[in-house]
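*Asks:* Chains F and R, in that order, are what the protein sequence lines are.
Under the numbering used here, the residues of the first sequence are numbered 1 to 252, in order.
Under the numbering used here, the residues of the second sequence are numbered 1001 to 1457, in order.
Every residue, glycine too, gets a C-beta built ideally from N, C-alpha and C.
Note that this is a predicted model, so its numbers are computed, not measured.
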Amino acid sequence: MPDPNPTTATLARLRAALPPLARHGRLPLGPRALDAALGGGLALGALHAVAEAGPAGGTGGAGTGFVACILGRLAGPVLWISPRADLFPAGLIRFGLDPARLLLAAPADDTASLAAMETGLRAGVTTVGEIGGGEIAATGRLGGRRLALACLDQGATGFLLLRRVWPRWKDRAGREDLSAAFTRWRIAPSPSRCQHGEPGEPCWHLRLLAARGGTEGQWLVEPGGEDDAAPALRLVAGLAADAAGSRIRAAG
Amino acid sequence: MRRLAAIWPPAPGLHEGQTLAEARAILPDLEVLPASPEADALALEALAQAATRFSPMAAADPPDGLWLDLTGCAALWPDEGAMLAAIAAWLAIPARLALAATTGAAWALAHSPGGPALHVCPPGGEARALARLSPALLRLSPQAVAGLRRVGLREVAALTRLPRAALTTRYGPDVVRRLGQALGGEEEPIAWPPPAPTWEERLDFAEPATTATTFERALLHLAGRLCERLAAGGLGGLRFSALFRRTDGTAARMAVGTARPMRDATRLARLFAMQLDALDPGLGIETMSLAAEALEKLAPRQALLGHEARAADLAALADSLAVRLGQTRLWRPAPRASHVPERSLARAGVMQATAWPAPATPRPLRLLARPEPIMATAPVPDAPPLQFRWQGTLHRVRAASGPERIAAEWWRDGADPDRLRDYYCVETIDGARCWLFRAGLHGTPRPPRWFLHGFFA
Chain F
1 MPDPNPTTAT LARLRAALPP LARHGRLPLG PRALDAALGG GLALGALHAV AEAGPAGGTG
61 GAGTGFVACI LGRLAGPVLW ISPRADLFPA GLIRFGLDPA RLLLAAPADD TASLAAMETG
121 LRAGVTTVGE IGGGEIAATG RLGGRRLALA CLDQGATGFL LLRRVWPRWK DRAGREDLSA
181 AFTRWRIAPS PSRCQHGEPG EPCWHLRLLA ARGGTEGQWL VEPGGEDDAA PALRLVAGLA
241 ADAAGSRIRA AG
Chain R
1001 MRRLAAIWPP APGLHEGQTL AEARAILPDL EVLPASPEAD ALALEALAQA ATRFSPMAAA
1061 DPPDGLWLDL TGCAALWPDE GAMLAAIAAW LAIPARLALA ATTGAAWALA HSPGGPALHV
1121 CPPGGEARAL ARLSPALLRL SPQAVAGLRR VGLREVAALT RLPRAALTTR YGPDVVRRLG
1181 QALGGEEEPI AWPPPAPTWE ERLDFAEPAT TATTFERALL HLAGRLCERL AAGGLGGLRF
1241 SALFRRTDGT AARMAVGTAR PMRDATRLAR LFAMQLDALD PGLGIETMSL AAEALEKLAP
1301 RQALLGHEAR AADLAALADS LAVRLGQTRL WRPAPRASHV PERSLARAGV MQATAWPAPA
1361 TPRPLRLLAR PEPIMATAPV PDAPPLQFRW QGTLHRVRAA SGPERIAAEW WRDGADPDRL
1421 RDYYCVETID GARCWLFRAG LHGTPRPPRW FLHGFFA
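1) Nearest by alpha-carbon distance to Glu1080/R: which of Ala1273/R, Leu1118/R, Ala1376/R, Tyr1171/R is it?
2) In chain order, which continuous runs of the alpha helix (DSSP H) of length 4 or greater are located wholly inside the region 1174 to 1243 of chain R?
3) Along chain F, which residues have their Cβ under 9 Å away from the Cβ of Thr1354/R?
4) Helix, strand or coil, according to DSSP, for Gly63/F in the structure here?
5) Do Thr1428/R and His945/R have their beta-carbon atoms positioned less than 7 Å apart in this structure?
6) So, is the C-beta of Glu135/F closer than 7 Å to a C-beta in chain R?
7) Within 7 Å (strictly less), CB to CB, does Ala1338/R reach chain F?
8) What is the rounded straight-line gap between the Cα of Pro20/F and the Cα of Ala43/F?
9) Ordered along the chain, which non-local residues of its own chain (more than five positions away) have a Cβ less than 6 Å from that of Leu79/F?
10) Evaluate the contact criterion for the region 83 to 98 of chain F versus the region 1355 to 1372 of chain R: three or more CB pairs, one atom per stretch, below 8 Å.
11) Please go through the same chain and pick out, in chain order, the residues whose beta-carbon is closer than 7 Å to the beta-carbon of Ser1344/R, but skip the five residues on each side of it.
12) Comparing C-alpha positions only, which one of Ala1035/R, Asp1029/R, Pro1028/R sits nearest to Gly1017/R?
13) Cβ atoms of Ala1259/R and Asp983/R: under 7 Å apart, would you say?
14) Thinking just about the alpha-carbon of each residue, which of His24/F, Arg145/F, Ala16/F, Leu11/F is nearest to the one in Gln154/F?
15) Looking only at its chain, what residues have a beta carbon closer than 8 Å to the beta carbon of Leu1167/R, apart from the 5 residues adjacent to it on each side?
16) Quick one: residues in its chain with C-beta nearer than 7 Å to the C-beta of Ser1055/R, no 5 flanking neighbours on either side, listed in chain order?
17) In or out: Leu1033/R buried (at least 16 other Cβ within 10 Å) or exposed?
18) From what residue to what residue does the alpha helix (DSSP H) around Gln1387/R run?
19) Can the beta-carbon of Glu1286/R be found closer than 7 Å to that of Phe1215/R?
20) List the residues of chain R whose Cβ lies closer than 9 Å to the Cβ of Ser190/F, in chain order.
21) Compute the distance between the beta-carbons of Arg1239/R and Gly1257/R, then report whether it is under 7 Å.
22) Taking DSSP as the reference, what is the three-state secondary structure of Gly224/F?
23) Roughly how many angstroms separate the alpha carbons of Cys194/F and Ala36/F, rounded to a whole number?
24) Just the Cα atoms here: how many angstroms apart are Ala1432/R and His205/F?
25) What residue from Arg1253/R, Trp1107/R, Ala1108/R has the CA that sits closest to Ala1278/R's CA?
26) Exposed or buried, what is Ala196/F when buried is set at 16 or more other beta-carbons lying within 10 Å of its beta-carbon?
27) Who are the neighbours of Cys203/F on chain R, taking C-beta pairs under 8 Å?
28) Closest to Ala1048/R by C-alpha separation, out of Ala1059/R, Glu1038/R, Arg1128/R, would be which residue?
29) Taking a Cβ distance cut-off of 7 Å, strictly less, list which residues of the region 228 to 239 of chain F are near chain R, in chain order.
30) DSSP state of Ser1036/R, grouped into three classes?
31) Can the beta-carbon of Phe159/F be found closer than 7 Å to that of Val221/F?
32) Rounded to whole angstroms, what is the Cα-Cα separation between Ala1407/R and Tyr1424/R?
33) When the distance is taken between beta carbons, is Ala180/F closer than 7 Å to Gly144/F?
34) Alpha carbon to alpha carbon, how far is Glu1126/R from Thr1102/R? Give it in angstroms, no decimals.
35) Quick one: complete beta strand (DSSP E) runs, 3+ long, within the region 1076 to 1139 of chain R?
36) Relative to the C-alpha of Glu1372/R, which residue among Pro1403/R, Phe1437/R, Val1323/R is closest?
Okay, structure coming up:
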C-alpha cells in the first residue's frame, strides 16, 4: 500500500534506495555553479555530447579545447577518432592533455567513426569521437544509446564532438537525437580578456543544454591550464539563462 | 650498353646477350623492362616455397630451376607422368620438367635442348637417357667441357666408357663426381630450405566448406591449437596469417598484425573472423591453415594489475581497430624535429608512446592539411591583419599576437621567398582564434600572400 502523503523523509529513503545516477563517479570541473548544475560534477563512465558552434564552428577549437581540459584531468590512454585527422597534438599540452596518451584514428566516414568509438568504449578506454567530418550522418537514437550503454558497462567516459559548419548547424540541429547522452553541451568561442592588443587566455561561452540529474545553464569560462592538478575550468562570469545573447555582447 | 637478359615470348632473331640496339632494329616495338636478378631470385624462392604443395622438399636452383624431391609423392597420381603434368599445369608458365632417380639425370634431361617438356626417366634408365647428351649437361665447368671436346668426348656415353681414375687425373675430380650424380653412385646434397613456418596449424575439410560459420569454428579450433603451442614455447605472435586453399588450387590469404605479442586464441580467431566478409570461398575451401609469422617472447599469463592491464587492453583495442579501419588509419602522434608546422608531426606505431616537449610558442589545436589562401587587409606591411575574408565571410580582428617567423627548410624548398612565413595568432571579434601567416617578403616581385593554417581553442 503506497503512502498517499509522502514525506520528505520517505522521498529521501526512496532516493537512497536508487542506484546513483553517475555509477562510475564524477569529476568536478571547478566552477561551483557549473558543478552544481551538473549535479556534483561531470559524470564519468557516461557519454557526453559536445557541439562546437560559433563563426568557425565545426573547424575551430573551442569544443576541442573544452574536451582536452576534461581529458587532462582523467588518467589513462585516450582514443581520439577524427575522420578529418586535423588534430594538432602540440596544441593540447596547454590544456593539460599529454599527447603521448593519444591513440589517433581516422575512419573513412561517420558510420565507421561511431563503430570505432563503440569499440573503444567497449575496451574501457576513454574515447573522443568526432562526428560531422563531411557528409552528415545522423547519430540516431539507437547509435547514441549503444554508445551510452558501452560507457555504462565499461565505466569508460565518451565524448561525441559534433563538428558543424556554422550555417548548417541550425538547420541540422534537430537531426541528431542525442537524448542518450548524459550531458549535452554547446561551446562557442567568446572574446578573451585582451592585454595590450594581444589575445588573452581563451574564453568560451559554455552552454549546458541538458544534464541528467542536473539543470541547464550557461557560463563564460577559461581553461584551467597546463597543470592537471588544477581544476579543468575557471569561471569568468555566470550568465543568466534567458538573456544569453545580450550578455555575451556586453561582455565583449 | 644494355643487353637482353631474357626474352618473352621468344621472337625470331632475338637471343639473350644481344644488344638492345640490335634487338630494337629487328623488333621496333619491343617492350623493355630492366632486369632484376635479385627480384628474380626472390621470386624463385617464393615459387619453391609454393611448390611445397607437391612435396615438402622443394628448393630453388638458381637462376631458373626448381628441385623437387618427389620420392613417395607419385602415389597420389595414377602415374609419374600425370604428376608431372599436374605440376606443369600448376606452374602455369612454360617449363620443362624431368623426373629421374638421380639429381644429375633430372637436371640434364630438363635442360637438354630439344628434349620433351615432360620427361620421366625410369629408374635404372639414366645411362641410356643421357647417352647422347652433351657432357655440358652434367653441369661441368666450361673449361672441363672444352677439354673433353678437344679430345673428342662429345657425348656422355663416351665418358662412361673411360676408366674413372683416368678422368680424374686429366680433368679433376669434378667430372667423375658429376657423372656419379647423374648415373647413380654419388649423392648430391641439395640445400632444402627449412620446412615452412613450423608455427602453423592446418585443417583439411572432409568436403569443401563455404559458410562463414564453418570458417569461424575452424579458425577458433586452429587458433586454439596454435596458441597452445605458443604458450608451451613461452612465445607470442606479432603477425599471423590464415591461408584458405580453394578446391580449384587458388588460395586466399588474410593477415593480422598485433600491437604486442599475443597468444589469446579467442581474440586471434575474432581478428580473423572480422575479415571473413571479404573472403571469397569460390567453389569451396578444402584446406585452412593458420600460422604465426613473427614471434617474440611472451611471459606466461598472470594476473595483470593497474597500468599493465590497461596497456594490454589498449593493445587489444588497437588490434581490433586496425582490422576494422585498416592499419594506416590508426597511429600514435609523435613530434618530429621540424619548424614547419605541417612537418612537425609524425605517425608512430600504436604501442609507441613518445614524449612531447611543451611548445615554446602557442600552437593551434587544429591544423589544416593545406594552408588556405585568404584575403587579408593589413594597415602596414609588417603588421597583423585588421580583417580577413575566409570562405566568403569577413572576420574582423580584435587582437593579434606575433609574428613568429618560420622559415621552411632551404634544402627542401630552395630560395623561394614564399618559404618565409610570419605566423600570427589572431582573435576575431567573435572570439574565434585563428593561426594566420603571411608568406613572402615585401619588396620582392611577388607581393606577400596570406593564409589560414589552423585554429586555436
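*Replies:* On the basis of the supplied data:
1) Cα-wise, what sits closest to Glu1080/R is Leu1118/R.
2) The DSSP assignment places complete alpha helix (DSSP H) segments of no fewer than 4 residues inside the region 1174 to 1243 of chain R at 1212 to 1232, in order along the chain.
3) The answer, in chain order, is Pro99, Ala100.
4) Reduced to three states, the DSSP call for Gly63/F is helix.
5) In this structure chain R extends from 1001 to 1457, so residue 945/R is not present and cannot be described.
6) For Glu135/F, the predicted structure reports a pLDDT of 39, less than 50, and the residue's modelled location is therefore unreliable. A value from the coordinates is still provided. So no, Glu135/F is outside the interface.
7) The question names Ala, yet the displayed sequence has Ser at residue 1338/R. Judged by the 7 Å Cβ criterion, Ser1338/R is not in contact with chain F.
8) Pro20/F and Ala43/F: Cα-Cα distance of roughly 11 Å.
9) Hits under 6 Å: Leu103, Gly120, Val125, Thr127.
10) Short answer: they touch.
11) Cβ neighbours of Ser1344/R beyond the five flanking positions: Pro1335, Arg1336, Ser1338.
12) The candidate whose alpha carbon is nearest that of Gly1017/R is Ala1035/R.
13) As shown, chain R starts at 1001 and ends at 1457. That puts residue 983/R outside it, with no answer to give.
14) The candidate whose alpha carbon is nearest that of Gln154/F is His24/F.
15) Leu1159, Val1175, Val1176, Leu1179, listed in sequence order.
16) Only residues of its own chain outside the window of five on either side were considered, and among them Leu1068, Asp1069, Leu1070, Cys1073 have a CB closer than 7 Å to the CB of Ser1055/R, listed in chain order.
17) With fewer than 16 other Cβ atoms within 10 Å, it is exposed.
18) Element bounds for Gln1387/R: not the alpha helix (DSSP H) but the beta strand (DSSP E), 1387 to 1390.
19) Contact: no.
20) From the beta-carbon of Ser190/F, the residues of chain R found nearer than 9 Å are Asp1430, Gly1431.
21) Annotated as proximal: Arg1239/R and Gly1257/R, with beta-carbon spacing under 7 Å.
22) Of the three classes helix, strand and coil, the one that applies to Gly224/F here is coil, per DSSP.
23) Cα to Cα, Cys194/F sits roughly 29 Å from Ala36/F.
24) Those two C-alpha atoms are separated by around 11 Å.
25) Residue Arg1253/R is the option with its Cα nearest to Ala1278/R.
26) Checking the sequence shown, residue 196/F turns out to be His, not Ala. Classification for His196/F: exposed.
27) Here the neighbours are Gly1431.
28) Nearest option by C-alpha distance: Ala1059/R.
29) Residues of the region 228 to 239 of chain F that bring their beta carbon within less than 7 Å of a beta carbon in chain R are absent altogether.
30) Reduced to three states, the DSSP call for Ser1036/R is coil.
31) Going by C-beta atoms, Phe159/F is not nearer than 7 Å to Val221/F.
32) Cα-Cα distance, rounded: 14 Å.
33) A contact, by the Cβ cut-off of 7 Å.
34) Rounded to whole angstroms, the separation of the alpha carbons of Glu1126/R and Thr1102/R is 8 Å.
35) Qualifying beta strand (DSSP E) stretches, in chain order: 1097 to 1099, 1118 to 1120.
36) That would be Phe1437/R, whose Cα lies nearest to the Cα of Glu1372/R.
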